[in-house]
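Participant: I'd like to ask some things about the structure below.
Numbering (the working numbering), first residue to last: 556 to 654.
Here's what the structure looks like:
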């Protein structure tokens with residue numbers, strides 16, 4: 556199986572530089588984070604992509620609603636959700652992988 560490599564981002568979602576060059580590595584976790592953070596319409600080539608977690612937090616929606624949307628968005632991206640843990644949207648953890 557070929558491992559996909561891409562440019563990596565840091566914790567602030569800025570381009571991560573290492574030794575004066577772009578850092579390259581496994582982008583799977585950062586792709587999942589971006590899908591959760593982005594709202595629909597923010598990704599120009601795929602306007603239906605994105606969970607928009609901020610709106611779930613601001614609207615005080617529950618774990619079930621956000622879990623459903625995360626699962627749907629991850630599956631559209633080719634990612635399988637294995638497990639959700641956490642009792643609120645703020646502490647929700649997702650275990651998922653690209654197979």
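Note that CB positions come from ideal geometry on N, CA and C, so glycine has one too.
Considering only the alpha carbon of each residue, which of 648, 606, 599, 562 lies closest to residue 624?
Facilitator: 606
Participant: Please tell me whether residue 608 and residue 584 are closer than 7 angstroms, where the distance is taken between their beta carbons.
Facilitator: no
Participant: Three-state secondary structure (DSSP) at residue 629?
Facilitator: Residue state, collapsed to three classes: helix.
Participant: Taking buried to mean at least 16 other C-beta atoms within 10 Å of its own C-beta, is residue 676 buried or exposed?
Facilitator: Residue 676 lies beyond the range of the chain shown here (556 to 654); nothing can be said about it.
Participant: Kindly list the residues whose CB is nearer than 8 angstroms to the CB of residue 618, restricted to its own chain and excluding five residues on each side of it in sequence; keep chain order.
Facilitator: Excluding residues within five positions, the ones whose Cβ falls inside 8 angstroms are 639, 641, 642, 643, 644, 647.
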